Amino acid sequence: MSSNKLQGNGLKCICSVYVPVKDPIKSAHWWQQHFGLDFAVPFNPEEAQAIMKLSDGQWLHLVETKGNIDNQFVNKAGYEMFRLTFEVRQIEVLHDHLLANGVKVDELKDRGSCGINFVFYDLDGNKFDINENVSVQREPEEIDKVKQHLFSHAR
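Numbering-wise (this note's numbering), the sequence shown opens with residue 49 and increments by one.
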């Protein structure tokens, strides 16, 4: 007789994220231009969504939405939250690329042991967070150079 009791954590990972957009193909090209994402499957206009693939295999579904797009929510402290954080490598390269290409980007934050973060907005105003845990991914001398590069612009 088999046991139906869950052993440990039953959730492995997030395989898909759904993002509301006005124009899936226009949004897909924006994600290609700024983040290098490719289509996970060929675009089918009848599905009213473009499906993009992240580097680790997860899918980003850009779903055509009618009406207002509201992908954020306000937390108890009154801060407008994003729904997800993307993990990256070489955050300084991505940050510079987005700024140089006119993407709306909020200020950088050094969150200590959580890493360096910044918020960006897509074509439809959806708010996303970017993170690199530099203390885990980089050598100490490289961390100082990255922080100097990123935070010297903010001063």
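Glycine included, C-beta positions come from ideal geometry on N, C-alpha and C.
Owing to the predicted nature of the structure, the values given are computational and were not obtained by experimental measurement.
Got a sec: is the Cβ-Cβ distance from residue i to anything in chain B below 9 Å?
| i | result |
| --- | --- |
| glutamine 80 | Included in the structure is just one protein chain, with no chain B present. |
Taking Cβ positions, are residue i and residue j nearer each other than 9 Å?
| i | j | result |
| --- | --- | --- |
| proline 93 | isoleucine 117 | no |
| alanine 207 | leucine 110 | Outside the displayed span of the chain (49 to 203) sits residue 207, for which this structure offers no information. |
| isoleucine 164 | leucine 156 | yes |
| phenylalanine 91 | lysine 101 | no |
| histidine 82 | histidine 145 | yes |
| valine 153 | phenylalanine 166 | yes |
| glutamate 190 | valine 184 | no |
| tryptophan 107 | serine 161 | no |
| alanine 76 | leucine 85 | yes |
For residue i, does the three-state DSSP call read helix, strand or coil?
| i | result |
| --- | --- |
| glutamate 95 | helix |
| proline 72 | helix |
| isoleucine 164 | strand |
| valine 194 | helix |
| glutamate 180 | strand |
| glutamate 135 | strand |
| leucine 110 | strand |
| glutamate 128 | strand |
| aspartate 158 | strand |
| serine 64 | strand |
| aspartate 104 | coil |
What does the Cβ neighbour count give for residue i, buried or exposed, with the cut at 16 atoms within 10 Å?
| i | result |
| --- | --- |
| asparagine 149 | exposed |
| asparagine 119 | buried |
| valine 69 | buried |
| cysteine 61 | exposed |
| phenylalanine 121 | exposed |
Pull up the CB-CB distance for residue i and residue j, whole angstroms please, since I reckon it's below 8 Å.
| i | j | result |
| --- | --- | --- |
| glutamate 140 | valine 194 | 5 Å |
| valine 136 | glutamate 187 | No, valine 136 and glutamate 187 are not in contact; Cβ-Cβ is about 18 Å, not under 8 Å. |
Touch test, the stretch 122 to 134 against the stretch 175 to 184, Cβ-Cβ under 8 Å, three pairs minimum: yes
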